Each structure stands twice: as structure tokens, then as C-alpha cells.
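Some notes on the structure that comes next.
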Amino acid sequence: MKVRKFAISEASFERSPGQDGEIFAANVIDQRHGGPITIGFGRYAPNQDLDEKIAVDDVMIVVEGKLSVSSDRATVTAGPGEIVYMPKGETVTIRSHEQGAVTAYVTYPHWQEAYE
431 MKVRKFAISE ASFERSPGQD GEIFAANVID QRHGGPITIG FGRYAPNQDL
481 DEKIAVDDVM IVVEGKLSVS SDRATVTAGP GEIVYMPKGE TVTIRSHEQG
531 AVTAYVTYPH WQEAYE
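Using the numbering used here, read the sequence shown as starting at 431 and increasing by one per residue.
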């Protein structure tokens, strides 16, 4: 694999698996490319909730808007330029605020394989 860059405008978004809200993911690097991690973008419409048991180590960088991530231990709120780490095995609720959110993410290993 060579050095590459990605823009959100080039991403192909699909509804996040297992939910019916207005939450979408777009992998730009994943298992099909031969690397050990998945990299992509997320898009959350305003006031969306996603309840999830994290199946992989997941790093989410907020690009636009604001998100809150709650577990039984804590709640963190992140805005543009901030990073949220969600460890494998943690059960979380991700909530977008009134302006929605755009994120970039990195997971190890590949999240799609973990949810199959």
C-alpha cells in the first residue's frame, strides 16, 4: 500500500450496521486494502443515538459538530479537533447534538469483520 490521502467529499457513506437512525459510515481503508486497520468517516444527523458494544479498539476524531459518548463509567463530550477513544468491550451510547457531527475514525482490527 502506498501513502494516500482522503477527503470526506470522496467517501461513500452507508448506514451504520444494525441501526436505523441517521448515522452513516464510510470506510476509505479497510480489510480489502491489506492493512491492519480501518480508516473512515462518520456522519451523524442532529440528535441521533447509537448504542453499541465496541467490538474493536475505536478512535473517533470529531471534525465538525459535537458528540457525547457515555459508558457506565463516564460521559465525554467532544467537538472539532478532539479525539474520543473507545476500548474494545466497552458498551457506549454515542449521541450527536443539535448540529449533528462529522467524524474520522480508526479501528483495530477491522470493525466490519468484528460485526460479521
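Glycine included, C-beta positions come from ideal geometry on N, C-alpha and C.
Note that this is a predicted model, so its numbers are computed, not measured.
Counting along the chain, the unbroken beta strand (DSSP E) around Asn457 starts and ends at Ile453 to Ile459. Contact annotation: the region 469–486 touches the region 439–452, with at least three C-beta pairs closer than 8 angstroms. DSSP places Arg434 in the coil class of the three-state scheme, outside both helix and strand. For the pair Ala437 and Asn477, the Cα-to-Cα distance works out to about 25 angstroms. Considering only Thr505, Glu520, Val433 and Gln529, the residue with the shortest C-alpha distance to Asp487 is Glu520.
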